[in-house]
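See structure below.
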Amino acid sequence: MCPIQASANPPCLRLLLIALLAGGCSSPADPDPDPVQSLPALREVSNFPVGIAFQAGRIQASAYNSIARGVFSSLTAEYEMKMRHLSAGPGVYTWDNADALVEFARSNDMQVHGHALVWHESTPSWVENFTGTDEAFETQIRQYITDVVGRYGDAIISWDVVNEAFENNTGLLRQSVFRRRMGSDYLARLFRYAREADPDVLLFYNDYATPWDAAKRGAMFSMIDDFQNRGIPIDGIGLQMHVTYDFPSIDAIGAVMDSVAARGLLVHVSELDVRVNPAGDLTSLTEARSQAQKARINDIVTAFVSLPADRQFAITLWGLRDPDSWLIDFWGNPEWPLLYDEAFRPKPAYEGFLEAL
Ligand code: 9MR
141 MCPIQASANP PCLRLLLIAL LAGGCSSPAD PDPDPVQSLP ALREVSNFPV
191 GIAFQAGRIQ ASAYNSIARG VFSSLTAEYE MKMRHLSAGP GVYTWDNADA
241 LVEFARSNDM QVHGHALVWH ESTPSWVENF TGTDEAFETQ IRQYITDVVG
291 RYGDAIISWD VVNEAFENNT GLLRQSVFRR RMGSDYLARL FRYAREADPD
341 VLLFYNDYAT PWDAAKRGAM FSMIDDFQNR GIPIDGIGLQ MHVTYDFPSI
391 DAIGAVMDSV AARGLLVHVS ELDVRVNPAG DLTSLTEARS QAQKARINDI
441 VTAFVSLPAD RQFAITLWGL RDPDSWLIDF WGNPEWPLLY DEAFRPKPAY
491 EGFLEAL
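Note that the numbering used here numbers the sequence shown so that position 118 is 258, with each residue one more than the last.
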């Protein structure tokens, strides 16, 4: 084998990340070579953390493992830190996968972004069908936040406290079980509980579509302004960034980033992927569309790096290889939305990222 990206000694990485396209350092005797690449690792050349959404099951898969730790400097659990996966009952936890991801990150000098304490789409049945009083419900949710944030302490530097609380197009609070049980000010109380659980951890609100959904964007900024007026803790905003190669405009994306930064909050481009086949007209990735994707990644990273340095939290890619993306099942079209192709080779989009740094 040709193990690369041993990030214990990052300066070596650029030298070690060689010649993927040329076949790397595989030998005839090596049936399963680790991927290597000729391009610099993002973690080596970026002034801010570059993250990857990762799954615990891939820690043992050598190609995923070596690229994740060699190229990226931040890790988000793609699903293992959501409530449905962590808790099967009040006070009942399954930590194995989350622990494994945190340990993988720790041993490879990656920071961990916690995702997500409260999300209406990943609610376990004991929460969804809670039979006690509203007060008892809130006590349990508070305890959950205390337990999960408390377990990881400094090993997780930031949490999405709430994910996707506002409806599309109206900006109204979703009628989730949390909203129904805890009332219209529930977001503020969740953030307070997270702060009580850890005075230092960075607290984020995370959502999608804010560059183009004016109602949702307005609701999010009203929440931020309200929190800041009332002294409710919030440190940053996750802009998910599930976009396409031609929508929305980079001006719209940059404007949301700027508005977040102007409020003194950190900007996390938290779930970046770029669809190239939204209309379903492609059966394979064309050079033209691949170049359009490269340009779009370049534009987004350029907008991010033009923010004041102390507002740049991180950019996180929502998956490693194209065939792993959630977008394929979700939209039902062939898709190539990420920085690596099916053979773990960096795409032009990867170069688009590099060229913006
Ligand atoms: O990509 C994630 C997929 O693997 C999970 O099955 C799914 C449910 O947990 O969540 C996906 O990630 C979502 C993220 O957590 C929040 N924003 C939307 C993402 C795509 O659905």
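Just so you know, even glycine gets a beta-carbon here, dropped at the ideal spot from N, CA and C.
Residue i to residue j span [Cα, whole Å]
i: Ala-496; j: Val-445; result: 8 Å
i: Phe-361; j: Leu-405; result: 11 Å
i: Ala-449; j: Ile-192; result: 21 Å
i: Tyr-385; j: Gln-431; result: 9 Å
i: Asn-205; j: Gly-197; result: 10 Å
i: Ser-389; j: Ala-443; result: 12 Å
i: Gln-82; j: Tyr-326; result: Residue 82 is absent from the model: the chain starts at 141 and stops at 497.
i: Gly-500; j: Val-302; result: Residue 500 falls outside the range modelled here, since the chain spans only 141 to 497, and no answer is possible.
i: Thr-271; j: Ala-305; result: 23 Å
i: Gly-350; j: Val-396; result: It should be noted that the sequence gives Thr, not Gly, for residue 350. Approximately 7 Å between the Cα atoms of the pair.
i: Val-409; j: Gln-380; result: 6 Å
i: Leu-412; j: Glu-475; result: 14 Å
i: Leu-447; j: Arg-209; result: 26 Å
i: Glu-400; j: Ile-207; result: Correcting the residue type first, residue 400 is Val in the shown sequence and not Glu. Answer to the nearest angstrom: the Cα atoms are 31 Å apart.
i: Ile-440; j: Gly-394; result: 8 Å
i: Ala-473; j: Asn-417; result: Rather than Ala, the amino acid found at residue 473 in this sequence is Asn. Each residue's alpha carbon lies about 7 Å from the other.
i: Gly-459; j: Ser-465; result: 6 Å
i: Ala-256; j: Ala-201; result: 25 Å
Nearest-angstrom beta carbon gap, residue j and residue i [assumed within contact, 8 Å]
i: Leu-179; j: Pro-486; result: 5 Å
i: Leu-479; j: Phe-493; result: 7 Å
i: Leu-342; j: Asp-375; result: 4 Å
Where residue i falls: helix, strand or coil (DSSP)
i: Ile-372; result: coil
i: Ile-192; result: strand
i: Ser-399; result: helix
i: Ser-424; result: coil
i: Gly-229; result: strand
i: Val-341; result: coil
i: Glu-336; result: helix
i: Ala-454; result: strand
i: Glu-491; result: helix
i: Arg-224; result: helix
i: Ser-247; result: helix
i: Asp-386; result: coil
i: Asp-347; result: strand
i: Asp-462; result: helix
i: Leu-447; result: coil
Contact check, residue i vs residue j, beta carbons under 8 Å
i: Ala-238; j: Glu-218; result: no
i: Leu-422; j: Arg-415; result: no
i: Leu-226; j: Phe-194; result: no
i: Val-252; j: Ile-455; result: no
i: Phe-113; j: Val-258; result: The structure shown has nothing for residue 113, since the chain only spans 141 to 497.
i: Asp-300; j: Phe-244; result: no
i: Asn-346; j: Gly-378; result: yes
i: Tyr-333; j: Thr-286; result: yes
i: Arg-291; j: Trp-235; result: yes
i: Gln-368; j: Arg-403; result: yes
i: Arg-183; j: Phe-212; result: yes
i: Val-289; j: Asp-338; result: yes
Problem - Uninterrupted beta strand (DSSP E) stretches inside the segment 253 to 331 (no shorter than 3 residues) - result: As far as the segment 253 to 331 is concerned, its whole beta strand (DSSP E) runs of at least 3 residues are 298 to 303.
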